[in-house]
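Working notes, structure below.
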Ligand SMILES: [Zn+2]
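Residue numbers (the numbering used here): 15 to 232.
In structure tokens form, the structure reads like this:
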């Protein structure tokens, strides 16, 4: 179970210009071999922000995870993704072949990408959010029998909900209705691209212990 836990990536710079990325700060600098106790780093080590969070802690968002497994362990560029929408308490409304689910436990969406849909000025929509999400997802559209892997799936629930509350119009998009294509281009792909970069680095550190980079990661 412990291997499924996400480890934080640390970055330090002992002998400029090389940054070292690792899970644990070593005793000796892997670039020059000098003990870090006797010769401190040029700047304090810092943690690279992870693109993943527990959806339970992120209300009013689109959340994404691989359909099978986790991002850090199992994700490949062509993996299928599962998406959901969180309510004000972080419950994830999502749709699959088993019908509609409201995942409230803290494990199901533990390592997911969250894309916040509202900011603190959107209080009007925030107030209506839970009620609208509940009513939209209770419709007959989201039964197991209606599910279709390509034409009626988790994306349709998320996009359909956003269109039902006129989210595009509310956010001043030129095209008020979101299509599957615009939803993916505007919301999903920029985040999965960023996450893919982090996953690649994470796996490199897992196998090599240290990654040395001349340019900064962030
Ligand atoms: Zn060094």
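Ideal Cβ placement from N, Cα and C applies to all residues, glycine included.
Owing to the predicted nature of the structure, the values given are computational and were not obtained by experimental measurement.
Quiz item: Relative to ligand 1, what is the chain-ordered list of residues with a Cβ closer than 7 Å to any of its non-hydrogen atoms?
Solution: 28, 29, 43, 45, 46, 48
Quiz item: Below 8 Å, can you find three or more Cβ-Cβ pairs linking the segment 59-71 to the segment 115-125?
Solution: yes
Self-check item: Segment contact, 8 Å Cβ cut-off, at least three pairs: the segment 216-232 with the segment 26-39
Solution: yes
Quiz item: Which residues bound the beta strand (DSSP E) around residue 108?
Solution: 106-110
Quiz item: Run through DSSP, which three-state label would residue 218 get?
Solution: helix
Self-check item: Endpoints, the alpha helix (DSSP H) within which residue 144 is located
Solution: 137-151
Self-check item: Alpha-carbon to alpha-carbon, residue 34 and residue 186
Solution: 42 Å
Quiz item: Residues in its own chain within less than 8 Å of residue 201 by CB, not counting five upstream and five downstream?
Solution: 76, 129
Practice problem: Note down the Cα distance separating residue 116 from residue 105, rounded to an integer number of angstroms. | Solution: 6 Å
Quiz prompt | Close-in-space but distant-in-sequence residues of the same chain around residue 157 (CB under 7 Å, 5 per side omitted) | solution = 113
Quiz item: Could you give the distance in angstroms between the alpha-carbon of residue 230 and the alpha-carbon of residue 32?
Solution: 9 Å
Quiz prompt | residue 57, DSSP secondary structure in three states | solution = strand
Quiz item: Contact check, residue 108 vs residue 168 under 8 Å by CB: the rounded distance?
Solution: 5 Å
Self-check item: Cβ shell of residue 88 (< 7 Å), same chain only, five flanking positions each side left out
Solution: 80, 82
Quiz item: Taking the alpha carbon of residue 101 as the point to measure from, which residue in 142, 134, 65 has its own alpha carbon closest?
Solution: 142
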